[in-house]
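Colleague: Residue numbers (this note's numbering), protein chains in the order written: chain E, 2 to 281; chain F, 73 to 348; chain Y, -1 to 271. No residue lacks a Cβ here, since even glycine has one placed at the ideal position from N, Cα and C. Take this structure first; my questions come after.
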Amino acid sequence: MTDRLLTWTLGAATLVVVSLIAVIAVFLLNESLDTLNRVGLGRFFSDSGWSPTMGRFNILPMIVASVLLMAGAVIVAAPLAVLTAVFLRFYAPSPVVDTGRRIIEVLAAMPSVVYGLWGLVVLVPVIAAWQQPGASLMAGILVLSLMIFPTITIVVHSGLTAMPQRYIEASLALALNRAYMVRRVVLPAIRASIAAGVTLGAARAIGETMAVMMVTGNIVAVPGDLFDPVRALTSNIALEMAYALGDHRGALYISSLLLLAVVILLVLINEFIVSNKCEY
Amino acid sequence: MKCLFACGRITVLALVAYWIGFGSSHAGENLRLLATGSSTVAPVMAELARKYEQAHPGARIDVQTGGSSRGIADMINGLCDMGMVSRDLKPSERVLHAYTIAHDGIAVITHRDNPIDVLDRARLIEIYRGEVRDWGDVGGAAGVPIVVVNKAAGRSTLELFLHYLDLSPDQVHSDIIIGDNQQGLKTVAGNRSGIGYVSIGAALHAQQEGVPIKLLTLEGAEPTIANVTAGNYPITRPLNIVTRKPAQGAVSELLAFIHSDEGASVIESLNFVPVR
Amino acid sequence: MDRITEAVTCTQKQENTSGNICLCTESLCLSYGTRAALENVSIRIPSRSVTAIIGPSGSGKSSFLCCLNRMTDLSGSTTVGGSVHLGEHDIHRDLGKNPIALRRRVGMVFQLPNPFPFSIWKNLALPLTHHGVANKRELSGIIEQVLRRVGLWEEVGGRLRDSALTLSGGQQQRLCIARALVLEPEVLLMDEPCSSLDPLSTKRIETLIGQLKDRYTIVVVTHDLAQARRVADHVALFWNVDGVGRLIEQGSAARIFQHPQHELTTTYLEGQL
Ligand SMILES: Nc1ncnc2c1ncn2[C@@H]1O[C@H](COP(=O)(O)OP(=O)(O)OP(=O)(O)O)[C@@H](O)[C@H]1O
Ligand SMILES: [Mg+2]
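Structure, rendered in structure tokens:
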């Protein structure tokens, strides 16, 4: 009885979420369709630049920026997060574990504007003193990695806590030392959790708006190096949606659609990693 | 799961309360107004609203920013009760009614430690066109690159400033593009070689609070309230509240408050020039 | 209480068992936090034979086993007293810093099969690569050899890249035994290795134990007296006395089963028959 109830409520909840996503996707598609027909998909990648009020619609630099920001943040944050989680689970004395975990939970719950503000008043000037103009891809990556680090750490740490104790017993009984056990047994055994954490972090990174807008300089151009300013798709939407009309508005909806597609792709990749049970 | 239901229920309750309590606000004591638009007007509006709410318990005025264009667009789409616009209405926007609540100017700012105090218009044009890239070329420290901070498209501060320089957005070379005044102030305060432009009121206010910026003298006129009032400063603008229909009811009461002596003192305290 | 003291002295008298002594403990005590789990266990385990540890639930059999390869180090709150000797060495004093070296010599098989969630190959290769075998040919050789020894080669030799979790419970347990054997330990500790298996798998493992004892010293905890009769050369009975596990009697299987000296042994054997 309760099982049936649970099945139904969970089913209903899933349905609500899925249909919500579908509604959003349909809405975005609907808003984009006119523009897509009029302008054509190709021009979003081949126009000479982004100035939609003058009929130029190239969003490629912003796609590149968003992807670089996400990838950079994951590359910086994921290894640190995994190391931290492993440290908390296997190396830290128990008072450190408790406080550490609590601090990380607080960090994860912090509103992104706080990270953005910190980036703007602390990080960007530091980078500027070294490489002008300071507001840059680099600043964005660092702020984003700081933001997603606690998220990934929490997910991986939960994975470690949930991992069956018998893998650890088996490793110790096989005379593996702790470092080897972590590297060759524990991390492979929880790679689903790692994948989930990274996916969550990546999704948060590519969807982040305020913090990114505050520190990346928002210049629409493919960056030549880490210290060039960039504009993410999300920042562009936030900066321009308020006054955008006609095809300009349509173009912004198309960017939203693209973001949604990237997030769905991330989830699918995660699904693939998780379902791929056996190593080798 | 239970918790989810509980949360859901609370949300629904809140919504119902909102409809019952505030939906019919114009009739009763409970008054709720939404103002959206210019980030220059927003802090003034927020401060005025706070004072107004103190005098009128039950009144509630929400302020959201997003640029003057958003103020116009929201008003046209009926998404707000007042649009905040920090410029004159364009011909195409004349269907709306504008009420000037204050005057402001646009100040060119640099970091406090920048040795430059004065720039003329021709130099500014060269800087914003990207033709001059080194502070040494305009009388500052040689070898220090100029970091040009520009406003995002759709902001009236940008339109006014470029109008003053007689540049089109395409001609501008910028290193950093910012959204609102606060971001502009923090960006220039954090970069010794930056140059930007923001509302005079906002800049003076920030300076009073210790933000390390400097306001440059333009065409011999310092960016001060006195110069804006006297009409000596070259880039000035009205700060407007726009409505679709002529202001009535709660909005006209609020406007009356803004134009009162009390309202004027609030506006002055934020370094803008009140209209009476 | 008197009877217990008598039992202890009595077991101490039996130290002149035949053959070399591989493992022996002297007044071994173990407590989890402040709670004592084992007290005054002095046991002698002859090499290249099977010693069965029997006794009711909660009498400290698993705890005792864990003392022998220092799995007790796992939780921080355990304290061990007395001594354990492996051959000449005191495992705490001589091998103190390094339980790794000890565990290489003393392998362990658990009550529930615990293969890693990787392929069969990787389950067996992992401990080898850790201990310095990198050559692929050498690896394959050892893996085939241990799989043959546990009788798994015919069953899984063709699908070593499959996940170990796809094996049946009995196959998993034999895989775990094989995994313990790849490091060529001197001693193999087994904690109720058949309790989750069907009679056929149980029989396979018992046969396997019989074959392995030519090369290894085997200590097996079992609840199944019939099994103890079938596989054991020596038997030790543990009992929970006032909440603390004690060794009641030890000796050759034949003697314990035919002429138990202690009253508790008699009771236990009869109760189970
Ligand atoms: N990790 C531990 N922490 C605290 N107490 C423990 C721990 N492991 C075992 N004990 C306690 O030690 C005593 C002996 O337990 P042990 O598991 O050694 O018994 P056993 O003889 O193996 O029982 P069984 O036949 O049921 O497996 C029990 O009272 C148990 O509660
Ligand atoms: Mg046990």
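Among Y:Ser138, Y:Arg102, Y:Asp222 and Y:Phe114, which residue has its Cα nearest to the Cα of E:Leu175?
Modeller: Closest option to E:Leu175, Cα to Cα, is Y:Arg102.
Colleague: Between F:Ala99 and F:Lys286, what straight-line distance do the alpha-carbon atoms span, to the nearest angstrom?
Modeller: Reliability of the predicted coordinates at F:Ala99 is poor, the pLDDT of 41 falling under 50, and no value is obtained from them.
Colleague: Going straight from the alpha carbon of Y:Leu124 to that of Y:Gly241, what length do you get?
Modeller: Their backbone Cα atoms lie some 40 Å apart in a straight line.
Colleague: Heavy atom of ligand 1 less than 7 Å from the Cβ of Y:Ser194, yes or no?
Modeller: The answer is no for Y:Ser194.
Colleague: If you compare alpha carbons, which of E:Ala233, E:Thr217 and E:Ile60 is closest to E:Gly117?
Modeller: With distances taken between Cα atoms, E:Gly117 lies closest to E:Thr217.
Colleague: For Y:Ala50, verify whether its CB is less than 7 Å away from any heavy atom of ligand 1.
Modeller: Outside the cutoff, so no.
Colleague: If we define contact as Cβ-Cβ less than 8 Å, is E:Glu272 a contact residue for chain Y?
Modeller: Answer no: the Cβ-Cβ gap between E:Glu272 and chain Y never drops below 8 Å.
Colleague: Taking a cut of 9 Å between CB atoms, which residues from the stretch 242 to 254 of chain E lie near chain F?
Modeller: Flagged, chain order: Met242, Ala243, Tyr244, Ala245 and Leu246.
Colleague: Spell out whether any CB of chain F is found under 8 Å from the CB atom of E:Pro189.
Modeller: It does not; no Cβ of chain F falls within 8 Å.
Colleague: Say whether the stretch 282 to 299 of chain F touches the stretch 217 to 231 of chain F, bearing in mind that this needs 3 or more beta-carbon pairs closer than 8 Å, one atom from each stretch.
Modeller: Because the criterion of three Cβ pairs below 8 Å is not met, the stretch 282 to 299 of chain F and the stretch 217 to 231 of chain F do not touch.
Colleague: Considering F:Met403, what are the terminal residues of the beta strand (DSSP E) in which it resides?
Modeller: In the structure as shown, chain F starts at 73 and stops at 348, and residue 403 of chain F therefore has no counterpart that could be examined.
Colleague: Within the present structure, is the beta-carbon of E:Ser95 separated from the nearest heavy atom of ligand 1 by less than 7 Å?
Modeller: Checking every heavy atom of ligand 1 against the Cβ of E:Ser95, none is found closer than 7 Å.
Colleague: Would you say the beta carbon of Y:Lys59 comes nearer than 7 Å to a heavy atom of ligand 2?
Modeller: Yes; taking the cut-off as 7 Å, the Cβ of Y:Lys59 has a heavy atom of ligand 2 nearer than that.
Colleague: Can you list, in chain order, the residues of its chain with a C-beta nearer than 6 Å to that of F:Ser97? Leave out the 5 residues immediately preceding and following it.
Modeller: Here F:Ser97 scores only 41 on pLDDT, less than 50, and its place in the model should not be relied on; the value that follows carries that caveat. Leu103 and Arg104.
Colleague: Given 7 Å as the limit, tell me if Y:Val219 has its C-beta closer than that to any heavy atom belonging to ligand 2.
Modeller: For ligand 2, at least one heavy atom lies less than 7 Å from the Cβ of Y:Val219.
Colleague: Name, please, each residue of chain E whose Cβ falls closer than 8 Å to the Cβ of Y:Phe108.
Modeller: Within chain E, the residues near Y:Phe108 are Arg167, Glu170, Ala171 and Ala174.
Colleague: Should Y:Gly56 be counted as a contact of ligand 1 given a C-beta to heavy atom distance under 7 Å?
Modeller: Y:Gly56: yes, Cβ under 7 Å from ligand 1.
Colleague: Beta-carbon separation of Y:Ile41 and Y:Leu245 under 8 Å?
Modeller: In this structure, Y:Leu245 lies closer than 8 Å to Y:Ile41 by Cβ.
Colleague: Does the distance from the C-beta atom of Y:Asp88 to that of Y:Ser81 stay below 8 Å?
Modeller: Their beta carbons are under 8 Å apart, which means Y:Asp88 touches Y:Ser81 by this criterion.
Colleague: Can you determine whether any heavy atom of ligand 1 sits closer than 7 Å to the C-beta of Y:Ala35, and answer yes or no?
Modeller: At least one heavy atom of ligand 1 is nearer than 7 Å to the Cβ of Y:Ala35, so yes.
Colleague: Report yes or no: is there a C-beta of chain E within less than 8 Å of the C-beta of Y:Phe116?
Modeller: Yes - at least one Cβ of chain E is within 8 Å of the one on Y:Phe116.
Colleague: Could you give the DSSP three-state label for Y:Gln170: helix, strand or coil?
Modeller: Of the three classes helix, strand and coil, the one that applies to Y:Gln170 here is helix, per DSSP.
Colleague: Should Y:Asp189 be counted as a contact of ligand 2 given a C-beta to heavy atom distance under 7 Å?
Modeller: Under cutoff, so the answer is yes.
Colleague: With DSSP collapsed to three states, give me the class of Y:Gln248.
Modeller: Here Y:Gln248 sits in strand by DSSP.
Colleague: Confirm, please, whether the CB-CB distance from F:Asp153 to F:Leu311 is below 8 Å.
Modeller: No; because the gap between Cβ atoms is not below 8 Å, this pair is not in contact.
Colleague: Which whole runs of the alpha helix (DSSP H) in the stretch 259 to 332 of chain F are 4 residues long or more, in chain order?
Modeller: Entirely contained in the stretch 259 to 332 of chain F, the alpha helix (DSSP H) runs reaching 4 residues are, in chain order, 272 to 280, 297 to 302 and 321 to 330.
Colleague: Verify the contact flag: Y:Gly243, CB atom, against every heavy atom of ligand 1, threshold strictly below 7 Å.
Modeller: Because some heavy atom of ligand 1 lies under 7 Å away, the Cβ of Y:Gly243 counts as near it: yes.
Colleague: Would you mind sorting E:Arg184 into buried or exposed? The rule is 16 or more other CB atoms within 10 Å of its CB.
Modeller: That one is exposed.
Colleague: If we call anything under 8 Å between Cβ atoms a contact, is E:Gly202 one with E:Ile153?
Modeller: In this structure, E:Ile153 lies closer than 8 Å to E:Gly202 by Cβ.
Colleague: Of all the CB atoms in chain Y, is at least one closer than 8 Å to the CB of E:Leu124?
Modeller: Answer no: the Cβ-Cβ gap between E:Leu124 and chain Y never drops below 8 Å.
Colleague: Considering only the alpha carbon of each residue, which of E:Ile64, E:Leu11, E:Arg57 and E:Pro53 lies closest to E:Pro224?
Modeller: Measuring from the Cα of E:Pro224, the nearest candidate turns out to be E:Ile64.
Colleague: Using only the heavy atoms of ligand 1, determine whether one of them is closer than 7 Å to the beta carbon of Y:Tyr266.
Modeller: False, no ligand heavy atom lies under 7 Å from that Cβ.
Colleague: Is it a yes or a no for the stretch 133 to 147 of chain E touching the stretch 66 to 82 of chain E, going by three-plus beta-carbon pairs under 8 Å?
Modeller: Output reads yes: the stretch 66 to 82 of chain E touches the stretch 133 to 147 of chain E.
Colleague: Given a cut-off of 8 Å on the beta-carbon distance, is the pair Y:Arg243 and Y:Leu36 in contact?
Modeller: For clarity, residue 243 of chain Y is Gly in the given sequence; the question names Arg instead. Closer than 8 Å, so yes.
Colleague: Counting contacts by CB-CB distance shorter than 8 Å, is E:Gly135 in contact with chain F?
Modeller: It does: the Cβ of E:Gly135 has a partner Cβ on chain F nearer than 8 Å.
Colleague: Rounded to the nearest angstrom, what separates Y:Asp26 and Y:Gly79 at their Cα positions?
Modeller: The sequence as given places Leu at residue 26 of chain Y; Asp does not occur at that position. Between Y:Leu26 and Y:Gly79, the C-alpha separation is close to 6 Å.
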